[in-house]
Amino acid sequence: MKIHKSAIVHPNAVLGKEVEVGPFSIIGADVTVGDGTVIKNHVTVVGNTILGRNNVIYPNAVLGAEPQDLKYHGERTLLVLGDHNVVREGVTINIGTAGGGEKTVIGDNNFFMACAHIAHDCIIEDNVLLANGVLLGGHVVIERGAKLMGLVGIQPFVTIGRHAYVGGHTRIVQDVPPYVIIEGHPAKIRQVNVIGLERDGFSKEQIGEIKEAFMTLFRSRELNKSKALEELESKKDISPEVKYLIAFLRNMDKGKFGRYRESFRYSMVATT
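Each residue of the sequence shown is one higher than the one before, counting from 0 in numbering that gives the first Met the number 0.
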């Protein structure tokens with residue numbers, strides 16, 4: 000374990016094996032840092048915060064600070080960050096709130112670029128990319144493999160589906176289905192995220208089935224959304240990816256009711 004002499008590490012903090020803490024960084028009393036995590040200079044980790052193994056936290060990041068929520072009054076809530084995440088310069092990640100599940104939860108192998116903000120009660124799964132200046136409102140869910148480009152803004156309670164790609168400078172105010180590219184003002188679904196799916200190991204057959212479902216759902220001139228979903232559901236031997244797309248679209252309306260969806264989202268992440 001390497002702790003720079005100018006770092007301030009509370010004696011109650013728990014640091015694992017081979018942890019590094021750089022100059023002028025601050026580690027609070029209720030912080031746990033997993034083995035092999037590197038905390039560079041001028042980093043602040045406070046609150047009830049658990050960092051997993053082999054993360055790299057860059058200068059001026061602030062992890063575990065109080066939520067920017069007027070309803071928060073000092074309740075003991077939590078931030079959990081998994082393993083092998085990269086948190087670049089100036090990223091801010093807040094703990095949860097009592098009304099939002101009491102925790103902000105981040106999975107593994109994520110890459111958060113400079114000045115991204117992850118608000119209270121967000122859930123970020125694995126292999127997610129947040130580019131520079133991405134802003135997540137409270138209670139946002141980002142499913143695995145999603146990529147959000149620079150200066151994207153996400154309204155509270157929105158879910159971004161698996162392997163979706165959100166173009167830069169896009170403002171998102173409702174759920175984004177899995178596997179699609181969305182961008183523009185207002186935001187519009189453009190096409191299947193073929194390149195992203197290929198990079199993430201999807202086969203040609205899987206991508207072909209997703210593209211076929213996409214055409215039925217989003218490009219049909221004859222079927223509205225409800226009828227298109229019924230047509231897809233009536234087919235035999237639909238792929239797991241298309242099944243998930245259908246289920247996601249069926250659940251999108253629940254997002255309109257804000258906090259009502261909170262318990263649903265936590266159970267969804269636990270079972271997928």
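Glycine included, C-beta positions come from ideal geometry on N, C-alpha and C. Being a predicted model, the structure only gives us computed values, none of them experimental.
| Check | Outcome |
| --- | --- |
| Identity of the residues DSSP links to Leu129 by a beta bridge | Phe111 and Leu147 |
| CB of Asn139 within 7 Å of CB of Gly160, strictly | For clarity, residue 139 is Val in the given sequence; the question names Asn instead. No, the Cβ-Cβ distance between Val139 and Gly160 is not below 7 Å. |
| Any non-hydrogen atom of the ligand MG within 6 Å of Leu129 CB | Absence of the ligand MG from the depicted structure is noted, as is the absence of any ligand whatsoever, leaving it without description. |
| Buried/exposed call for Leu69, threshold 16 Cβ in 10 Å | exposed |
| Same chain only: Cβ atoms within 6 Å of Glu229, ignoring 5 sequence neighbours per side | none |
| For Leu62, three-class secondary structure by DSSP | strand |
| For Arg189, the first and last residue of its enclosing beta strand (DSSP E) | Lys187 to Val191 |
| Candidates Asp199, Ile123 and Val193: closest to Phe213 by CA position | Val193 |
| C-beta contact flag for Val55 and Val90 at 7 Å | no |
| The stretch 114-127 in contact with the stretch 87-104 per 3-pair CB rule at 8 Å | yes |
| Whole-Å CB distance - Ile171 paired with Val157, under 8 Å assumed | 6 Å |
| Cα-Cα separation between Ile49 and Gly132, rounded to whole angstroms | 24 Å |
| C-alpha distance - His162 paired with Met0, whole-angstrom precision | 37 Å |
| Rounded straight-line distance, which links the Cα of Ile245 to that of Lys187 | 19 Å |
| Where the alpha helix (DSSP H) through Lys235 begins and ends | Counting along the chain, Lys235 falls outside any alpha helix (DSSP H), and DSSP gives it neither H nor E. |
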